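The block underneath contains the structure these notes are about, expressed in structure tokens.
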DNA sequence: CCACTTTTTGAATGACTGTTCAAGATTTGC
DNA sequence: GCAAATCTTGAACAGTCATTCAAAAAGTGG
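Chains as they are written, first to last, in the working numbering: chain L, 1107 to 1297; chain F, 1107 to 1297.
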């Protein structure tokens, strides 16, 4: 129910998704949706929230199951890169929402931005266990910056059609973007 | 005329901008707009095209007026970073368009992607004057990746309100993201 | 089996969408 | 200074939008 809404909103964005499409995607009737979520924005908020919650949980799982924090963060980045090279890559729901709804202090924009802040804070928290506060903060910011880059760059490549795919491998996304923030904690991916 | 359309579409995106808003922003009548551009998509295409053209011209100017190609690219990146820390930063029209209109092989998405490819090709062309083809290609890809990251990360910060601003400086966007692709060509910004 | 509450239904609503085009204004050619 | 051609105007159009709500269905307690 919220799951299908996530899929639709993630793919098409807020404005381009009509409630009729939501009705079709979820199989629910308009009345039920409005009873449960108030309005389109309420449903979108719920979808965004769920998406962010699951994303944060996945990051935590990845990092905590790794032998070290640096290695865990590396694994997460590698996962994001692998995801970004797949066909029909949808980029990040939070990033897309933020960019779409940035005009006039939109409430949903603020929510997306807050969730992205949570992600950054999560990285910062882990990094503070190994580095000083300031270095942890800078590394977390760097990770976010790289994640955004991967998600947009990978997105472009993924949607450009199969003819373009080989160049992704040729460019070597992994070897180009990973070395930076992890020259120390994760030498494995350093070229 | 197209200028005002750029402003509106850049800020609000394609779906969230109504033709009535376009009419108000440009001061033209619906009929004139439809005579000149066919439809909303035609006007958007024109706006996107003009924006990309001017962006490419600015990059060329920056690089060619610099003492070296590496230094020129650095200056461009620094300019983008500075821009991204300003209030009411609008991110990149091409990136926003690409992320908004990615679903179902949209024509405007393809245009935005093609224009971003042109930007990457421009960097590649310059870099090939100093490096081998493969290295130039990888460096150009890296630059694009960093540019996307800066534009999204900076965007988030810029819109989060004045209370958040100091942390941008504290994180040190410049020193975190710049060192990567330019450790050789532009040692100035390497920390 | 009934009376009562809760949930579900989906056609209807008014506002707004992108787009059109006949009528009016302006320019052009002579 | 007129007639033809071109451009401009903006009210009107059909369609879609998010949203509502009376009526039907399902659930509940005794």
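Glycine included, every Cβ here is placed at the ideal spot set by N, Cα and C.
Remember, it's a predicted structure, so these values are computed and weren't measured experimentally.
Can you name the residues of chain L whose CB is closer than 7 Å to the CB of residue i?
| i | result |
| --- | --- |
| residue 1256(F) | 1251 |
| residue 1262(F) | 1204, 1219 and 1222 |
| residue 1172(F) | Simply none; closest approach about 23 Å. |
| residue 1259(F) | 1250, 1251 and 1254 |
Beta-carbon separation of residue i and residue j under 8 Å?
| i | j | result |
| --- | --- | --- |
| residue 1261(L) | residue 1197(L) | yes |
| residue 1254(F) | residue 1201(F) | yes |
| residue 1129(L) | residue 1111(L) | no |
| residue 1175(L) | residue 1233(L) | yes |
| residue 1249(F) | residue 1179(F) | yes |
| residue 1121(F) | residue 1121(L) | yes |
| residue 1204(F) | residue 1190(F) | no |
| residue 1154(F) | residue 1221(F) | yes |
| residue 1108(F) | residue 1258(L) | no |
| residue 1165(L) | residue 1241(L) | no |
| residue 1188(F) | residue 1206(L) | no |
Tell me whether residue i sits in a helix, a strand or coil according to DSSP, three-state version.
| i | result |
| --- | --- |
| residue 1198(L) | coil |
| residue 1117(F) | helix |
| residue 1210(F) | coil |
| residue 1161(L) | helix |
| residue 1245(L) | helix |
| residue 1234(L) | helix |
| residue 1122(F) | coil |
| residue 1269(F) | Bear in mind that a pLDDT of 37 at residue 1269(F), under 50, signals an unreliable position, so the model cannot answer this. |
| residue 1112(F) | helix |
| residue 1173(L) | coil |
| residue 1178(L) | helix |
| residue 1107(F) | coil |
| residue 1191(L) | coil |
| residue 1255(F) | helix |
| residue 1134(F) | coil |
| residue 1144(L) | coil |
| residue 1225(F) | helix |
How many Å lie between residue i and residue j at the Cα?
| i | j | result |
| --- | --- | --- |
| residue 1118(F) | residue 1184(F) | 26 Å |
| residue 1145(L) | residue 1181(F) | 47 Å |
| residue 1246(F) | residue 1163(F) | 17 Å |
| residue 1291(L) | residue 1213(F) | Residue placement at residue 1291(L) is flagged as unreliable, the pLDDT there being 28, under the threshold of 50; the coordinate-derived value follows with that caveat. Taking the straight line from one Cα to the other gives about 43 Å. |
| residue 1224(F) | residue 1211(F) | 19 Å |
| residue 1167(L) | residue 1152(F) | 46 Å |
| residue 1243(L) | residue 1160(L) | 23 Å |
| residue 1131(L) | residue 1150(L) | 14 Å |
| residue 1172(L) | residue 1147(F) | 48 Å |
| residue 1216(L) | residue 1199(F) | 20 Å |
| residue 1235(F) | residue 1256(L) | 26 Å |
| residue 1123(F) | residue 1116(F) | 10 Å |
| residue 1303(L) | residue 1170(L) | Shown here, chain L extends from 1107 to 1297; a query on residue 1303(L) therefore has no answer. |
| residue 1142(L) | residue 1126(L) | 16 Å |
| residue 1231(F) | residue 1133(F) | 41 Å |
| residue 1239(L) | residue 1177(F) | 32 Å |
| residue 1137(L) | residue 1226(F) | 48 Å |
| residue 1269(F) | residue 1194(F) | Any answer about residue 1269(F) is weak, because its pLDDT of 37 lies below 50 and its placement is not dependable; what the coordinates show is given next. Whole-angstrom Cα-Cα distance: 14 Å. |
| residue 1135(F) | residue 1192(L) | 44 Å |
Along chain L, which residues have their Cβ under 9 Å away from the Cβ of residue i?
| i | result |
| --- | --- |
| residue 1239(F) | Correct list: empty, because the minimum Cβ distance to chain L is about 11 Å. |
Applying a beta-carbon distance threshold of less than 8 Å, which residues of chain F neighbour residue i?
| i | result |
| --- | --- |
| residue 1163(L) | Chain F residues near residue 1163(L): none, gap ~22 Å exceeds 8 Å. |
Cβ of residue i versus every heavy atom of the ligand ZN: is any distance shorter than 7 Å?
| i | result |
| --- | --- |
| residue 1242(F) | Absent from the structure shown: the ligand ZN. Ligands present: none. |
Under 7 Å, CB to CB, which of the residues in the region 1189-1208 of chain F have a partner in chain L?
1197, 1201, 1202, 1204, 1205, 1206 and 1208
Which residues, in chain order, does the region 1130-1141 of chain F contribute to contact with chain L at a C-beta distance below 7 Å?
none
Return the residues of the region 1110-1126 of chain F that lie within a Cβ-Cβ distance of less than 7 Å from chain L, sorted by chain order.
1117, 1118, 1119, 1121 and 1122
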